[in-house]
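To start, the structure under review is shown below, and the notes come after it.
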Amino acid sequence: MASFLDSVRLQPAHGYVAGVAIASVFVNTWAAFGVGAARKKYNVPYPQMYAETSHAHSTQFNCVQRAHQNILENYPPFLMLLAVGSTYRPALAAAFGALRLFGFISYYKGYSSGDPKKRLNPGTAVGYMGLFGLLGLGFEVVARLITS
Numbered sequence: 831m832a833s834f835l836d837s838v839r840l841q842p843a844h845g846y847v848a849g850v851a852i853a854s855v856f857v858n859t860w861a862a863f864g865v866g867a868a869r870k871k872y873n874v875p876y877p878q879m880y881a882e883t884s885h886a887h888s889t890q891f892n893c894v895q896r897a898h899q900n901i902l903e904n905y906p907p908f909l910m911l912l913a914v915g916s917t918y919r920p921a922l923a924a925a926f927g928a929l930r931l932f933g934f935i936s937y938y939k940g941y942s943s944g945d946p947k948k949r950l951n952p953g954t955a956v957g958y959m960g961l962f963g964l965l966g967l968g969f970e971v972v973a974r975l976i977t978s
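Residue numbering for the sequence shown follows the working numbering, starting at 831 and increasing by one per position.
In structure tokens, the structure reads:
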């Protein structure tokens, strides 16, 4: 008798999921390059993670650095939820994943403006819709596996 897990197969729509995962590498790299450019612009040398508060441009640099750090903090859960959530509904998972990436970009652009309040904006809210969608798909996978 075949197990329930034997019925889970990759679908052509999983290609969209892979595309979103690959696009996420570019989003993360773009944000990292932004930090590098800010380091040069504001003269914050390595290995200093953040500029000291006494630095003339500490707020501007630290906002750019913090924006990228936030993406890094959210990146492993994003990839895990994208992968798990795509088990049964890959096209929907890819759509939610794309919304989450849009939110990362919007958050980064707002925060790196130098005004921390701009990190929370309509684009960031769209990103959270993607996150909550991926969480919902993940819960569906858990429920279907446990009850099979």
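Ideal Cβ placement from N, Cα and C applies to all residues, glycine included. Since the structure is predicted, the reported quantities are computational estimates derived from the model, not experimental observations.
In the three-state DSSP reduction, Tyr846 falls in the helix class (H, G or I). Only exposed fits Gly866, as fewer than 16 other CB atoms lie within 10 angstroms of its CB. Taking the CA atoms as reference points, Gln878 sits about 23 Å from Val857. Under the three-state reduction of DSSP output, Asn892 falls in the helix class.
Classified as exposed, Val972 has fewer than 16 neighbouring CB atoms from the shown chains inside 10 Å of its CB. In the pairwise beta carbon analysis, the segment 927 to 943 is classified as touching the segment 952 to 971: at least three pairs are separated by under 8 Å. The alpha-carbon separation between Ile901 and Tyr876 amounts to approximately 20 Å.
Only residues of its own chain outside the window of five on either side were considered, and among them Gly960, Gly963 and Leu964 have a CB closer than 6 Å to the CB of Phe926, listed in chain order.
For Thr954, the enclosing alpha helix (DSSP H) stretches over residues Pro952 to Ile976. In terms of CA proximity to Glu903, Ala861 leads the group Ala861, Ala928 and Leu840. For Tyr941 against Arg949, the beta-carbon gap comes to about 4 Å, under 8 Å, which counts as contact.
Around the Cβ of Val850, a 10 Å sphere holds 16 or more other Cβ atoms; the residue is buried. Distance from the CA of Val894 to the CA of Ser978, rounded to the nearest whole angstrom, comes to 46 Å.
Under the three-state reduction of DSSP output, Glu903 falls in the helix class.
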